[in-house]
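Beneath this line is the structure, given in structure tokens, with notes to follow.
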Amino acid sequence: MKIYHKPSFMYGLTFLFALPLFTFGIIKVHWWQWIITIAFATKFLYTGLSKSESEYQENIAKNYRSVAQELYGKYATIKLNFPLVILCSFYAVALFIRLVADFFIPIWITVCFTIVLSVSVFYSLSLDHKIKEHIENGTNIG
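One point on numbering: in numbering that gives the first Met the number 0, the residue at position 31 of the sequence shown is 30, and numbering is uninterrupted.
Encoded structure:
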């Protein structure tokens, strides 16, 4: 057995080693945590042990930044990390309001924030998908 991508293989082993901890009850988990852990272990082990998948991931990693810059301009990083920008700004403002003004944020503002955050996650995922699609197809940009 040959390891083609060592970091992915090590991540896969890390997730795989969590399963005995779940089995023996050292860490209490729900059924969905089992599924997520197995899925991540499988994904990373596949990338680490498959030559074609490791080459694919290396190609994506090598070209991702330049393709993102060409497709979305100099603010591509902000567009791709838009959920983090929204999350950090909301929590900074909310913390400031809570500590300085001693005022609780109304629930309707929190609900609106959650909706906007959800939309921004899907927006960033769609941009990420388009970038990977351009890299896969080898589409000439510009």
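All C-beta atoms in this analysis are idealised placements derived from N, C-alpha and C, irrespective of residue type, glycine included. Treat the numbers as computed from the prediction; the structure is a model and nothing was measured.
Closest option to Asp127, judged by alpha-carbon separation, among Leu70, Lys42, Tyr10 and His29: Leu70.
With respect to Phe112, Phe81 sits apart: the two C-beta atoms are not nearer than 9 Å. The three-state secondary structure of Ala40, taken from DSSP, is helix. Classified as exposed, Gly137 has fewer than 16 neighbouring CB atoms from the shown chains inside 10 Å of its CB. For Tyr3, no alpha helix (DSSP H) encloses it, and the DSSP letter there is neither H nor E.
Each residue's CA atom was taken as its position, placing Val28 and Gln56 some 31 Å apart.
Contact check for Ile85 and Leu116: beta-carbon distance about 6 Å, within the 8 Å limit, so the pair qualifies. Between the alpha carbons of Ile134 and Ala67 lies a distance of about 10 Å. Ile114 counts as exposed, since fewer than 16 other C-beta atoms from the protein chains shown sit within 10 angstroms of its C-beta.
Judged by beta-carbon spacing, Ile37 lies within the 9 Å limit of Leu18, meaning their Cβ atoms are closer than that value. Nearest in C-alpha terms to Ser49, of all of Leu79, Ile59 and Ser7, is Ser7. Burial state of Ser53 is buried, judged by a 10 Å Cβ sphere holding 16 or more other Cβ atoms. Rounded to the nearest angstrom, the Cβ distance from Gly72 to Ala40 is 37 Å, too far for a contact under 8 Å.
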